[in-house]
Every structure is written in structure tokens, then in C-alpha cells.
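*Asks:*
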Amino acid sequence: MTTSEVSGLDLPRPGETPPSFHVVAKPSGAACNIDCTYCFFLSKEALYPDGGQRMSDATLEAYIRQLLESHRTDDVTIAWQGGEPTLMGLDFFRRANELVAEYRRPNQRVQQTFQTNGIALDDAWCAFLKENRFLVGLSIDGPRELHDAYRVTRSGKGTFDLVLSGWHQLRDHQVDVNILCAVNAANQLHGRRIYRFFRDELGATWMQFIPIVERATPATIAVANAGWRPRPDAARLLYTQTGDLVTDRSVGSRQYGRFLIDIFEDWVRRDVGKVFVQQFDVTLEAHFGRHVLCAHAPTCGFCPALEYNGDLYVCDHYVEPGFRLGNIRERHMLGMVASPEMRKFGDDKRGALTKQCRACNVRPFCNGGCPKDRFLESRDGEPGQNYLCEGFYEFFSHVRPAMHVMASLLQHNQPPARVMEWMAAADAGRSRNDPCSCNSGRKFKKCHGRVQ
Ligand code: SF4
Ligand code: SF4
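Residues in the sequence shown are numbered consecutively from 295, following the numbering used here.
1) Using a Cβ-Cβ cutoff of less than 7 angstroms, which residues in the same chain neighbour T536 once the five nearest sequence positions on both sides are dropped?
2) Can you look up L440 in the DSSP assignment and give me helix, strand or coil?
3) Using the three-state DSSP reduction, which class does G747 fall into: helix, strand or coil?
4) Relative to the alpha-carbon of H590, which residue among Y607, Q572 and L606 has its alpha-carbon at the smallest distance?
5) Can you check DSSP and say which residues form a bridge with S725?
6) Assign Q409 to one of two classes, buried (16 or more other C-beta atoms within 10 Å of its C-beta) or exposed (fewer than that).
7) Quickly, what does DSSP pair P677 with across the bridge? List them, please.
8) Any heavy atom of ligand 1 closer than 7 angstroms to the Cβ of Y249?
9) CB Y533 to CB S337, shorter than 8 angstroms?
10) Quick one, which of V446, V507 and N411 has its alpha-carbon nearest N472's?
11) Comparing the CB of Y687 with every heavy atom of ligand 2, is any distance shorter than 7 angstroms?
12) Can you give me the Cβ contacts of N749 inside the same chain, cut-off strictly under 7 angstroms, excluding the 5 residues immediately before and after it?
13) Could you check if C683 belongs to the surroundings of ligand 2, using beta carbon to heavy atom distance under 7 angstroms?
14) So which of I488, A479 and E495 has the shortest CA-CA distance to H462?
15) Strictly by DSSP, which residues pair up with L458?
16) State buried or exposed for F582, treating a residue as buried only when at least 16 other CB atoms are found within 10 Å of its CB.
17) Going by other Cβ atoms of all chains shown within 10 Å of its Cβ, with 16 needed for buried, is T353 buried or exposed?
18) Taking 7 angstroms as the cut-off, is the CB of Q573 close to at least one heavy atom of ligand 2?
19) Going by C-alpha distance, which of I358, G735, D610 and T499 is nearest F335?
20) Restricting to Cα atoms, I'd like to know which of R388, L531, R644 and M382 is closest to Y602.
21) Would you report the Cα separation of M714 and E355, rounded to the nearest angstrom?
22) Could you name the residues of the same chain whose beta carbon sits closer than 7 angstroms to that of I358, not counting the 5 residues immediately before and after it, in chain order?
23) Bridge partners for N244 per DSSP, in chain order?
24) With distances taken from CA atoms, which of G323, F690, A632 and C664 is nearest F596?
25) Could you tell me whether any non-hydrogen atom of ligand 2 is closer than 7 angstroms to the CB of R548?
26) By DSSP's criteria, L539 is part of a beta bridge. Which residues make up the other side?
27) Distance, Cα to Cα, N727 vs K740?
28) What residue ranges within the segment 356–395 form continuous beta strand (DSSP E) runs of no fewer than 3 residues, ordered along the chain?
29) Mark P524 as exposed unless 16 or more other C-beta atoms lie within 10 angstroms of its C-beta, in which case mark it buried.
30) Given a threshold of 16 other Cβ atoms within 10 Å of its Cβ, counted over all protein chains shown, does G485 qualify as buried or as exposed?
31) Which residue spans inside the segment 400–445 form an unbroken alpha helix (DSSP H) run of at least 4?
32) Measuring only the C-alpha atoms, how far is V507 from T541?
33) Where does M295 land, buried or exposed, given buried means 16+ other C-beta within 10 angstroms?
34) For F277, which of L539, I555 and L531 has the nearest alpha-carbon?
35) Should the segment 310–325 be called in touch with the segment 368–386, which here means at least 3 C-beta pairs below 8 angstroms?
36) When the distance is taken between beta carbons, is H742 closer than 8 angstroms to S731?
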């Protein structure tokens, strides 16, 4: 079937479809120019063993056209991810721009995002990204020794210098950059240090901290810990969301919560309104019933992943057999996003909440977290509790008072940054030898009360 045959004529009616959705497109499939030890995306090459993972012009055209005609909103996001999207070369993205210009309705505003490891970024790339107003996500896991723990080349060398070079190129060209830091076993105890490195040494103002949770079974855990390869020269095992074990590289549940609290306590004293941390923004939004991060939304199923060959999966974390919705060269993506399979996938997130989650007092902010991480038993022995539950509970409980203050300020048309005055008043009533407000167990003067 040709692209033209997959036309808007077979689309479901508007009442049956979402007005907008977010596709994560992987034009180079799982291909990457580095070999991060914790990256389960790399194993997805096993799904397409014929190799040559590269989106064709026909698939690109089908994608852009279907995405634009699917949206009933004026704002459309085109999200490029991988693998590593720079492997496609600049001409691919120039062609994507031509197709956007061709298929965009006059009222549509298109924002392109681009998640990269930064290794290949040079003058030409950065000039292109700036000129076309891309929002770039750059993966950095912290200062050198923390970043280099798992983000390595194929020969096992750290990539810190290469990534920093990419960062400076992006900054020189004034490209909008959001740092994506993967929180893992190596950096989980260093939240504040990492945050200050991004803020003070890099001058970053947008950042997000994503938990690394690599699942494994008793049969795969040894290979998983060794980097998902049975032998150094062998192909990686295909990663699937199975098993209730996690690799040595995975973040601990409580440690993830503590990591976020460590950063929050720094941020809420001096950076509100100047530095934007995704997890804090989405928690504040949740106070108004808006859920802008799928992991903490009541339902999901609006973020499908598009493989290089046009295969559409329910989510980037479920690119595996059993979760493929179809191929955009054979069926319009809107029909797949609105399909009963996709809606069931999204609604099951709420339907499968444990009794512990349903009774939880931070459930309106947490909503049980991402289904991929729900592989433990609840306190009542019910399956499906989130591996990160303990950390989520500690984080959402800890930040709630300050979030209430910010929400209240917003409701009174005041800037939420005034929460820093509330925090300063609380600090004024604290002795330097009091326990720190972050609950680390250290004295305030040696923890978040220390100015540096
Ligand atoms: S499965 Fe997780 S990552 Fe995927 S859409 Fe749902 S909440 Fe988001
Ligand atoms: S904190 Fe734990 S119990 Fe509460 S909603 Fe989140 S995952 Fe469920």
C-alpha cells in the first residue's frame, strides 16, 4: 500500500480521537554512536535484524503528513529521538522541514525537539538547530566521573569531554537546551552536587532527572549486569519490560526520592522562576489537575513511538513484540492512537492501581507512576506496586507544603518565586545546628543551610 492510500478518509470521527498526542520518532532506530551501559534502547536492534536502520523518505513523508493532519490543536510537537538522531545527517532534517512546510495547515505552529547525546554536534548542526528553533535535549549525567560511569563509547571510554564540547557549541549558537540527567546507581547520592554543576558550571536553566530502572529476571540478571551482552562481542539481549529484579546500575527507590529532595531544597531557596526542573514543574501543575508528564498522569497512551520503518508502538518504553499497533505505511497513525488496543493500554494504567495506591495521600500527584516500573508487591501483597513507590512517596510528601504555597501564590496572581520568601522566613527560625529541613540527618549548617 502506498502512502497516498493511507489517507485521512479512513480516520475515526473527531469525538473518538485525541485532539493532540506526542509521537517519539526514532529515525535511526536503535542505532547510536556510543554505547551507554544502561541503555536498553540499544537492544531494540534485535527487533530488526536486517540492519540498515534508517527512515526512508516515503516513511518520513507519511509520518509528517499524518502527524499534522491528525492534530486538531494549533500546536504540534515533532519529537526526534533514537538511538541517536544526528546519525541521520542534516539533510534528513532539512527534508523534514520541507515536508512540514508542505503539510502544515496555516494555523499550525510546529515545535521540533531533538534528544541527543551531543557527540556529533558541530557548528553546522548547531546553526541548523538554532535557525529552525529546535528545543534540544542533551544527555549529561553530572560532572565527569559521574557522567562517565555508564555513558561510554564502544571502547568503554568516558564521553564527558565530547558531550561538554556539544554543550558549548549549543550555547555558542544560543540553542534552547534542556539537560536530561539519568539518575542511576553511580550518581544517585549526588543530587545537589549535580544540580549545582548544571546550574553554576554549565549555566543550564532547564533540566530533568529521569530514573534508570532496568528490569531483569533470574535468568537474565547476570547478563543484564554485564551490560546485556552474554559475551563482549555478542549482540545485546532484547530488553523487554519483564522481571522483578533490577540491574546494579538501576537507581534505588528511596535514593531517587532523596536525590530529588536534595535538589528541591536548593532550588526552593534561590532558583524558583530562574531554573526549571521538570519534576518540580509537573508537581505544581498537578495541584491544578493538569498532568503534563505521562508517568504521573492518571492514564497514558498518548505517547506512541515510531520506529524507522513506520512501525508504531504504544510507547517508547514498550517497543517490543505484543505492543506494536501497526505501520503508518499501512494504516493512518490517528486510527492507531485512537484504537481500542491503545486506549486499553492507556486506561489500564489507572485500572491497575493497587489498593495501596488508591488509598495513598499523594496519589493525585503520583498516580502510581509508569506501568513499566510496577513490578513489586504492595504492602498487602498485591502485585503491580511501583518499584519507585518509596522514593515517590517521600518526594511528593516532602515538597507538598512548598507546592501548596506556590499554588496559592499563582491563584492570587502572585509569582510562585515568592515561595523563596516563605522559605527564608522558615530558615530564619532555624538554628544552624538544627537538623536540615531536607531530612538528611545532617545539621542545617552542614547541609542546605550552607551557602556556597
Ligand atoms: S507506559 Fe510509562 S512512559 Fe509510556 S506512556 Fe505510559 S506512563 Fe508514559
Ligand atoms: S507514592 Fe506509591 S502508593 Fe502513593 S500513588 Fe505513588 S506509587 Fe502509589
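In this text, a Cβ means the ideal position worked out from N, Cα and C, and glycines have one as well.
*Replies:* The short version:
1) R509 and T511
2) helix
3) The structure shown does not extend to residue 747, since the chain is modelled only from 295 to 746, so the question has no answer here.
4) Q572
5) Looking at the DSSP assignment, S725 forms no beta bridge with any residue, so it has no partner.
6) buried
7) DSSP, once it has assigned bridges, lists E671 as partnering P677.
8) What is shown of the chain runs 295 to 746, which leaves residue 249 out entirely.
9) For Y533 and S337, yes; Cβs fall inside 8 angstroms.
10) N411
11) Yes, ligand 2 has a heavy atom inside 7 angstroms of this Cβ.
12) The structure shown does not extend to residue 749, since the chain is modelled only from 295 through 746, so no value can be given for it.
13) yes
14) Nearest Cα to H462 within the set I488, A479 and E495: E495.
15) Answer is none; L458 lacks a bridge partner.
16) Its Cβ having fewer than 16 others within 10 Å, F582 is exposed.
17) buried
18) Shortest gap from the CB of Q573 to any heavy atom of ligand 2: 7 angstroms or more.
19) Measuring C-alpha to C-alpha distances from F335 to each of I358, G735, D610 and T499 identifies D610 as the nearest.
20) M382
21) 48 angstroms
22) A390, L393, V394 and Y397
23) Lying before the first or after the last residue shown, residue 244 is absent from the chain, which here runs from 295 to 746.
24) Out of G323, F690, A632 and C664, the CA that lies nearest to the CA of F596 is found in A632.
25) no
26) A510
27) 8 angstroms
28) You should have 369–374.
29) exposed
30) The residue in question, G485, is buried, as its Cβ has 16 or more Cβ neighbours within 10 Å.
31) Qualifying alpha helix (DSSP H) stretches, in chain order: 417–425 and 438–441.
32) 8 angstroms
33) For M295, the pLDDT reaches just 44, beneath the cut-off of 50, and the residue's location in the model is therefore unreliable, although a value from the coordinates is still provided. Label assigned to M295: exposed.
34) No information on residue 277 is available, as it lies outside the stretch 295 to 746 that the chain covers here.
35) yes
36) yes
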